[in-house]
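**Student:** My questions will all concern the structure given below.
Numbering (this note's numbering), first residue to last: 83 to 427.
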């Protein structure tokens, strides 16, 4: 069985107000790419991945007349995908939902949020992801109130031929200094955003601990907007958010496995795997980063022969060896899919 995570840049802009694909030559949310070009490229990528379940990050919008579920199922129908049933959790107002698109002949999946609801005052111990988490992020003895602009999607997944799984889809806060007026302002915003991103990861790790303590099979997957050695502020905080969620300082039985993150930790500031490619307009070069992960509980990796892959157009031989897939990956999004295969026995 194959699971994937895929951040699709501005998927929402490819659908009209009635959740139908906009198959024309108007511009998409991607630079110099039309809606039809991006849609056709996405179809090729989804078909090539052939995953049984895909955690879609930046899924189509929900609200008013729009439905992330209907839009994704329309997309699947258009391309004849076997992954033709979608589920979402708590929706948000960013036009970037988190959704799970899956093959209903291979599994069932439903939203199953954990943790207690909170008031606006929040809670300190793993509240529900649409609530408020209290944590002192700036070390002033006054707990800050942390929220997810995109609450993680918590699922129970029931494969026909495998064990019950808990799955958490994540799109953590970006650390980019959007809105900075000068370099000093950029530093201030970057540090503030990193504190909030780390707080979200601490909140997420509390939930991971709960599932592992209950001996549940767990997969955490999505875009964490962070990675070991990713920026110059990491030394200031001691750990990346990815390391916090994985639990790298915890005993082996409490540490989630993710070989690409582990490789980045070993490399730190050298060559490491990457899952995204952004154009830097200032330097006129491309920036590659490791932002997308599939973290798996140790019991699953030890018993189900887990195998990971980044569908990178240049670094994966199979992708690079196919001109069609290589071009589709570059056209479809600024992120590339990550998959994990299990041999359930």
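Every residue gets a Cβ at the ideal spot worked out from N, C-alpha and C, and that includes glycine.
Could you tell me whether the Cβ atoms of residue 192 and residue 138 are closer together than 9 Å?
**Tutor:** No, these two residues do not count as a Cβ contact at 9 Å.
**Student:** What are the start and end residues of each continuous beta strand (DSSP E) run of 3 or more residues lying completely inside the region 146–172, in chain order?
**Tutor:** 167–170, all fully within the region 146–172.
**Student:** Can you tell me where the alpha helix (DSSP H) holding residue 130 begins and where it ends?
**Tutor:** Element bounds for residue 130: 117–131.
**Student:** Could you name the residues that DSSP lists as bridge partners for residue 241?
**Tutor:** Residue 241 pairs with 189.
**Student:** Using a Cβ-Cβ cutoff of less than 7 Å, which residues in the same chain neighbour residue 118 once the five nearest sequence positions on both sides are dropped?
**Tutor:** If we look at residue 118 and ignore the five residues flanking it on each side, its Cβ neighbours are 105, 106 and 107.
**Student:** Report the three-state DSSP secondary structure of residue 92 (helix, strand or coil).
**Tutor:** Residue 92 falls in the coil class under three-state DSSP.
**Student:** Quick one: what's residue 371 bridged to in DSSP?
**Tutor:** Paired residue(s): 358.
**Student:** Quick one: using the 10 Å Cβ neighbour count with 16 as the cut-off for buried, is residue 333 buried or exposed?
**Tutor:** Exposed is the call here.
**Student:** I need the DSSP call for residue 403, collapsed to helix, strand or coil.
**Tutor:** Coil.
**Student:** Under the rule that 16 or more other beta-carbon atoms within 10 Å means buried, what is residue 364, buried or exposed?
**Tutor:** Result: exposed.
**Student:** Contact check, residue 390 vs residue 422 under 8 Å by CB: the rounded distance?
**Tutor:** Right, the Cβ-Cβ distance comes to about 5 Å (below 8 Å), so this counts as a contact.
**Student:** What is the DSSP secondary structure of residue 339, reduced to helix, strand or coil?
**Tutor:** Residue 339: strand per DSSP, three-state reduction.
**Student:** Under the rule that 16 or more other beta-carbon atoms within 10 Å means buried, what is residue 457, buried or exposed?
**Tutor:** The structure shown does not extend to residue 457, since the chain is modelled only from 83 through 427, so no value can be given for it.
**Student:** Note down, one range per segment and in chain order, each alpha helix (DSSP H) of at least 4 residues found wholly within the region 260–297.
**Tutor:** Those alpha helix (DSSP H) runs which fall completely within the region 260–297 and span 4+ residues are 265–295.
**Student:** Count the other CB atoms within 10 Å of the CB of residue 198; is the residue buried (16 or more) or exposed (fewer)?
**Tutor:** Answer is exposed; the Cβ neighbour count stays below 16.
**Student:** Check whether the Cβ of residue 117 lies closer than 9 Å to any Cβ atom in chain D.
**Tutor:** The structure shown contains no chain D, having only a single protein chain.
**Student:** Relative to the C-alpha of residue 115, which residue among 412, 190 and 285 is closest?
**Tutor:** The option with the nearest alpha carbon to residue 115 is 412.
**Student:** Does the separation of the CB atoms of residue 86 and residue 135 fall below 9 Å?
**Tutor:** Yes, the pair counts as a contact, with Cβ atoms nearer than the cut-off.
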